[in-house]
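Here the protein sequences line up with chains A and B, keeping their order. Numbered continuously in the numbering used here, the first sequence closes out at residue 292. Numbered continuously in the numbering used here, the second sequence closes out at residue 584. Cβ coordinates follow ideal geometry from the N, Cα and C atoms, glycine included. Quick caveat: nothing in here was measured; it's all calculated off a predicted structure. For reference, the structure discussed in these notes is given below.
Number of protein chains: 2
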Amino acid sequence: MANHNFKSFVCIAVLLCNSPSQIVFFRRHGVTRNSSIPRELRQQIRAGVIQGQTSGMAPGFVQANLAILPKDWADDFLAFCHVNPKSCPVIGMTKPGDPYLPMLGEDLDLRSDLPGYYVWENGERVQETTDISSLWRDDLVGFAIGCSFSFEHALMDAGIKLRHIEEGRNVAIFRSNIACTPGGRFQGSMVVSMRSMTPADAIRAIQICTRFPNVHGAPVHFGDPAAIGIADLNKPDYGDVVEVRPGEVPVFWACGVTPQAVLQTSKPPFCITHAPGSMLITDLRISEISLF
Amino acid sequence: MANHNFKSFVCIAVLLCNSPSQIVFFRRHGVTRNSSIPRELRQQIRAGVIQGQTSGMAPGFVQANLAILPKDWADDFLAFCHVNPKSCPVIGMTKPGDPYLPMLGEDLDLRSDLPGYYVWENGERVQETTDISSLWRDDLVGFAIGCSFSFEHALMDAGIKLRHIEEGRNVAIFRSNIACTPGGRFQGSMVVSMRSMTPADAIRAIQICTRFPNVHGAPVHFGDPAAIGIADLNKPDYGDVVEVRPGEVPVFWACGVTPQAVLQTSKPPFCITHAPGSMLITDLRISEISLF
Numbered sequence: 001m002a003n004h005n006f007k008s009f010v011c012i013a014v015l016l017c018n019s020p021s022q023i024v025f026f027r028r029h030g031v032t033r034n035s036s037i038p039r040e041l042r043q044q045i046r047a048g049v050i051q052g053q054t055s056g057m058a059p060g061f062v063q064a065n066l067a068i069l070p071k072d073w074a075d076d077f078l079a080f081c082h083v084n085p086k087s088c089p090v091i092g093m094t095k096p097g098d099p100y101l102p103m104l105g106e107d108l109d110l111r112s113d114l115p116g117y118y119v120w121e122n123g124e125r126v127q128e129t130t131d132i133s134s135l136w137r138d139d140l141v142g143f144a145i146g147c148s149f150s151f152e153h154a155l156m157d158a159g160i161k162l163r164h165i166e167e168g169r170n171v172a173i174f175r176s177n178i179a180c181t182p183g184g185r186f187q188g189s190m191v192v193s194m195r196s197m198t199p200a201d202a203i204r205a206i207q208i209c210t211r212f213p214n215v216h217g218a219p220v221h222f223g224d225p226a227a228i229g230i231a232d233l234n235k236p237d238y239g240d241v242v243e244v245r246p247g248e249v250p251v252f253w254a255c256g257v258t259p260q261a262v263l264q265t266s267k268p269p270f271c272i273t274h275a276p277g278s279m280l281i282t283d284l285r286i287s288e289i290s291l292f
Numbered sequence: 293m294a295n296h297n298f299k300s301f302v303c304i305a306v307l308l309c310n311s312p313s314q315i316v317f318f319r320r321h322g323v324t325r326n327s328s329i330p331r332e333l334r335q336q337i338r339a340g341v342i343q344g345q346t347s348g349m350a351p352g353f354v355q356a357n358l359a360i361l362p363k364d365w366a367d368d369f370l371a372f373c374h375v376n377p378k379s380c381p382v383i384g385m386t387k388p389g390d391p392y393l394p395m396l397g398e399d400l401d402l403r404s405d406l407p408g409y410y411v412w413e414n415g416e417r418v419q420e421t422t423d424i425s426s427l428w429r430d431d432l433v434g435f436a437i438g439c440s441f442s443f444e445h446a447l448m449d450a451g452i453k454l455r456h457i458e459e460g461r462n463v464a465i466f467r468s469n470i471a472c473t474p475g476g477r478f479q480g481s482m483v484v485s486m487r488s489m490t491p492a493d494a495i496r497a498i499q500i501c502t503r504f505p506n507v508h509g510a511p512v513h514f515g516d517p518a519a520i521g522i523a524d525l526n527k528p529d530y531g532d533v534v535e536v537r538p539g540e541v542p543v544f545w546a547c548g549v550t551p552q553a554v555l556q557t558s559k560p561p562f563c564i565t566h567a568p569g570s571m572l573i574t575d576l577r578i579s580e581i582s583l584f
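What follows is the structure, given as structure tokens:
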């Protein structure tokens, strides 16, 4: 059944292709390119001038998680993403061996344009690096997966304060007990990011994020962390601690770290991901991927 | 300032008029009339065959709260509604002395087509009746105000269970400490309705209700009742007690009882409202007032 769904999905995706080198899934796939900011940032990252986190960079532009897998595992991974669109919204995918994603950015090279990469073998992290050109192979397929950094700009634009950004921290990220739908050889639990806010802001955030299904969309939970298997908000599995103040509730979004956790569980012999917080900055404007 | 806004508002509203006898504020004001269900229900109510609550009647059709005021107070009331659109969304308004609202329903007579009315003098309830024909005056202006009964159908259609409906009760309604914006001679606090649900259902409910701003739209609060001045969920100010079970949160919507509470506070010498739960059933389909 999963395999059948996957074939239909690829078929539809191919029909949507604008370029033979990639697949994109936007309503508006003939996107406008009228800003040089993301390209310039990528060039500085490529040159090693910019290192570390990309949080807050290129406000208003979509940032993406990265997963790179050999072709024989990439099909399964796409099947997994297809049935888990909240945590793994695929916004771009390369052909095997092609490291470029022109529909997500001019001269965008997945081998060098992220500030940090993790290299994995059999589910174990074996290397952290700032360039994967020497590791590139003809069978590798790159996936760009929507990232919550994208909708944070829309939230702040609406006057919603995000504590981790105000305090210069990473968002708090937790492994939940929400089971992902298995797809191909991949299965595991959803990883969630947490932002704390008042209920009124949370309602507004749900409205705003609903407009952006390609970057995780609406939250999956708010309130009691234990209800989704999180024992202690002060012990995030990734990222930093974010305080929940009196009158606030923790609000949880499906997180693009999910694929990374699932790769660790499902143990493909080789794969590459972005390093946490070191995202792919695309030329896509947030407003271009808004549903309404 | 309020008066200035009010004049602009009336001006715009008059421009939107399809009929000289009313003002309606819908995006689609040339609505389709292809069901006789609401009209038949109104006729049975008018004949006294149907009495009491209208909850669950004519699923999929908009129900409305009613407020009737003398012309010299009606202008202030419209100004108040204008600045409090979440609690007081005006979906129809008569000309002075005209008891009909054809844009909300064929042969719709505000004097007889609701199962119950409250009559008020100087903020005190002086009479409860099923027909106000004998009380009608040439200076009375009728307001139909969106009601949450309308969006409940959309919630249930999405698989969200509403406990008060399953248990055959009225929704729980509370006076909150959320201040309404003063308008004209009217001021007071927002009245809210409460439905309990899981956080996941609450997130979906926020999405669904966002589509219906004319019937209160998205909730205004969830979680801690004390944060909006509600001391005890087991002591609603109107309606029935609704249980909040483990794993659920109370979710609060702006409620069309707000105008009734405000009328009690602001004490116009004479006014008429619907009796709680005895709403005006309109010919408008919920889908016709959906934003998207």
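When you compare the CB positions of A:M194 and A:V242, do they come within less than 8 angstroms of one another, or not?
Mapped onto the first sequence, residue 194 of chain A falls at position 194. Mapped onto the first sequence, residue 242 of chain A falls at position 242. Against a cut-off of 8 angstroms, the Cβ pair of A:V242 and A:M194 comes out as a contact.
CA-CA distance, B:I424 and B:W412?
Counted from its first residue, the second sequence places residue 424 of chain B at position 132. Counted from its first residue, the second sequence places residue 412 of chain B at position 120. Cα to Cα, the separation comes out at about 12 angstroms.
Beta-carbon proximity list for A:P269, same chain, < 7 angstroms, skipping 5 on both sides:
Walking along the first sequence from the start, residue 269 of chain A turns up at place 269. Its chain contains E121, N122 as the residues whose beta carbon lies nearer than 7 angstroms to that of A:P269, once the 5 sequence neighbours on both sides are disregarded; these appear in chain order.
Could you tell me whether the Cβ of A:I203 comes closer than 8 angstroms to any Cβ of chain B?
By one-based count along the first sequence, residue 203 of chain A stands at place 203. Answer yes: the Cβ-Cβ gap between A:I203 and chain B drops below 8 angstroms somewhere.
Does any CB atom of chain A fall closer than 8 angstroms to the CB of B:I424?
Numbered from its first residue, the second sequence carries residue 424 of chain B at position 132. No, its Cβ sits nowhere closer than 8 angstroms to a Cβ of chain A.
Looking at the C-beta of A:P276, does it have a partner C-beta in chain B at a distance below 8 angstroms?
Working through the first sequence from its first residue, we reach residue 276 of chain A at position 276. Not one chain B Cβ lies under 8 angstroms of A:P276.
Pick helix, strand or coil for A:V83, following the three-state DSSP scheme.
To locate residue 83 of chain A, count along the first sequence from 1; it is residue 83. In this structure, A:V83 counts as helix in the three-state DSSP scheme.
Counting only beta-carbon atoms, is B:D575 nearer than 8 angstroms to chain A?
As a working note, residue 575 of chain B is residue 283 in the second sequence. Answer no: the Cβ-Cβ gap between B:D575 and chain A never drops below 8 angstroms.
May I ask you to report which of helix, strand or coil DSSP gives B:Q314?
Locating residue 314 of chain B in the second sequence gives position 22, where the first residue counts as 1. The pLDDT assigned to B:Q314 is 34, lower than 50, so where the model puts this residue is not dependable; a value taken from the coordinates is nonetheless given after this. B:Q314: strand per DSSP, three-state reduction.
Where the region 214-237 of chain A meets chain B: residues whose CB sits under 8 angstroms from a CB there
A218, P219, V220, H221, F222, G223, D224, A227
State the Cα-Cα distance for the pair B:L572 and B:I578, rounded to the nearest angstrom.
For the purposes of this step, residue 572 of chain B is taken as the residue at position 280 of the second sequence. For the purposes of this step, residue 578 of chain B is taken as the residue at position 286 of the second sequence. B:L572 and B:I578 have their C-alpha atoms roughly 14 angstroms apart.
Please compile the residues from chain A whose C-beta is within a distance smaller than 7 angstroms of the C-beta of B:I498.
Here residue 498 of chain B is taken as the residue at index 206 of the second sequence, counted from 1. Under the 7 angstroms cutoff, chain A gives I203, I206, Q207.
Determine which residues share a DSSP beta bridge with A:V191 and list them.
The residue given as residue 191 of chain A occupies position 191 in the first sequence. A:V191 is bridged by DSSP to A:R175.
Would you say B:T502 faces chain A, with C-beta separation under 8 angstroms as the test?
Against the second sequence, residue 502 of chain B aligns to sequence position 210. Closer than 8 angstroms: yes.
Under 8 angstroms: do the region 465-473 of chain B and the region 428-445 of chain B share three or more Cβ pairs, one atom per stretch?
Here the region 465-473 of chain B makes no contact with the region 428-445 of chain B; the two share fewer than three CB pairs at distances below 8 angstroms.
Keeping to the same chain, check which residues put their C-beta closer than 8 angstroms to that of B:A494; ignore five residues upstream and five downstream.
Mapped onto the second sequence, residue 494 of chain B falls at position 202. Excluding residues within five positions, the ones whose Cβ falls inside 8 angstroms are P511, F514, V541, V543.
Count the CB pairs spanning the region 340-349 of chain B and the region 450-469 of chain B that are closer than 8 angstroms, and state whether there are at least three.
Cβ pair count under 8 angstroms is three or more, so yes.
Check B:M448 in the structure and name its three-state DSSP category.
Along the second sequence, read from residue 1 onward, the residue named residue 448 of chain B stands at position 156. Helix at B:M448.
Does any CB atom of chain B fall closer than 8 angstroms to the CB of A:G247?
Your numbering for residue 247 of chain A matches position 247 in the first sequence. The beta carbon of A:G247 falls within 8 angstroms of a beta carbon belonging to chain B, placing the residue at that interface.
What are the residues that DSSP puts in a beta bridge with B:D401?
Here residue 401 of chain B refers to the residue found at position 109 of the second sequence. B:D401 is bridged to B:Y392.
Using a beta-carbon distance below 8 angstroms, is B:L572 in contact with chain A?
Position 280 of the second sequence holds residue 572 of chain B. Not an interface residue.
Are the Cβ atoms of B:P381 and B:V507 separated by less than 8 angstroms?
Indexing the second sequence from 1 puts residue 381 of chain B at position 89. Indexing the second sequence from 1 puts residue 507 of chain B at position 215. Going by C-beta atoms, B:P381 is nearer than 8 angstroms to B:V507.
Proximal residues to A:R125 (C-beta, below 6 angstroms), its chain only, five neighbours per side dropped:
Start at 1 with the first residue of the first sequence, and residue 125 of chain A comes out as number 125. So the qualifying residues of the chain are Y118.
Compare the C-beta of A:P199 with all C-beta atoms of chain B and state if any pair is closer than 8 angstroms.
Taking the first sequence and counting its residues from 1, the one referred to as residue 199 of chain A is at position 199. Cβ-Cβ to chain B under 8 angstroms: yes for A:P199.
Three-state class that DSSP yields for A:N214 in the structure shown:
Your numbering for residue 214 of chain A matches position 214 in the first sequence. If DSSP states are grouped into helix, strand and coil, A:N214 belongs with the helices.
Determine the burial state of B:G340: buried for a count of at least 16 other Cβ atoms within 10 Å of its Cβ, exposed for fewer.
Here the question's residue 340 of chain B lines up with position 48 in the second sequence. Exposed, since its Cβ has fewer than 16 Cβ neighbours within 10 Å.
Straight-line CA distance for B:D368 to B:G475?
Mapped onto the second sequence, residue 368 of chain B falls at position 76. Mapped onto the second sequence, residue 475 of chain B falls at position 183. If you take the alpha carbons of B:D368 and B:G475, they lie about 6 angstroms apart.
Report the neighbours of A:F174 on chain B: residues whose CB is nearer than 8 angstroms to its CB, in chain order.
Counted from its first residue, the first sequence places residue 174 of chain A at position 174. Near A:F174 there are no residues of chain B at all, since even the closest Cβ is about 15 angstroms away, more than 8 angstroms.
Closest residue to A:P70 among A:P85, A:L114, A:N84, A:F143 (Cα-Cα distance):
Within the first sequence, numbered from 1, the residue matching residue 70 of chain A stands at position 70. Among A:P85, A:L114, A:N84, A:F143, the Cα nearest to that of A:P70 is on A:F143.
Taking the Cβ atom as the reference point for each residue, do B:T574 and B:A366 lie within a distance shorter than 8 angstroms?
Counting from one through the second sequence, the residue named residue 574 of chain B turns up at place 282. Counting from one through the second sequence, the residue named residue 366 of chain B turns up at place 74. No, they are not a contact pair.
CB-CB length for B:A497 against B:I452, believed under 8 angstroms:
Walking along the second sequence from the start, residue 497 of chain B turns up at place 205. Walking along the second sequence from the start, residue 452 of chain B turns up at place 160. Yes, they are in contact, since the Cβ atoms of B:A497 and B:I452 sit about 6 angstroms apart, within 8 angstroms.
For A:F292, go through chain B and note every residue whose CB falls closer than 7 angstroms to its CB, in chain order.
Residue mapping note: residue 292 of chain A aligns to position 292 of the first sequence, counting from 1. By Cβ distance, chain B contributes F584.
Best match in B:F584, B:Q336, B:M385 for proximity to B:T502 [C-alpha to C-alpha]:
What you label residue 502 of chain B is simply residue 210 of the second sequence in a count that begins at 1. Looking from the CA of B:T502, the closest CA among B:F584, B:Q336, B:M385 belongs to B:F584.
Does the Cβ of B:D364 have 16 or more other Cβ atoms within 10 Å, making it buried, or fewer, making it exposed?
Numbered from 1 along the second sequence, position 72 holds the residue referred to as residue 364 of chain B. It counts as exposed.
Could you have a look at A:E40 and say whether DSSP puts it in helix, strand or coil?
In the first sequence, residue 40 of chain A corresponds to position 40, counting from 1. Looking at A:E40 - three-state DSSP - the assignment turns out to be helix.
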